[in-house]
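Here the working numbering = 1-based position in the sequence shown + 547. Here a beta-carbon is modelled for each residue, glycine too, at the ideal position from N, C-alpha and C. From a predicted model like this one, the values you see are computed outputs, not experimental measurements. Below is one structure, written out as structure tokens, with a few remarks after it.
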Amino acid sequence: MQIKKNLIDFLVEASQSINEALIKINENKEK
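If you want it as structure tokens, here you go:
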């Protein structure tokens with residue numbers, strides 16, 4: 548179960564990083 552929790556934590560962090568990257572890309576397009 549510990550491995551599963553770590554995997555979920557990793558996916559959450561990865562999705563947050565992707566969201567931040569997409570926001571930056573959108574901001575750059577608007578300029």
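Residues of its chain near residue i, where Cβ-Cβ distance is below 8 Å and the 5 sequence neighbours each way are ignored
i: K551; result: none
Cα-Cα separation between residue i and residue j, rounded to whole angstroms
i: I572; j: N566; result: 10 Å
i: N575; j: V559; result: 25 Å
i: M548; j: K578; result: 46 Å
Residues near residue i in its chain [Cβ-Cβ closer than 7 Å; skip 5 each side]
i: Q563; result: none
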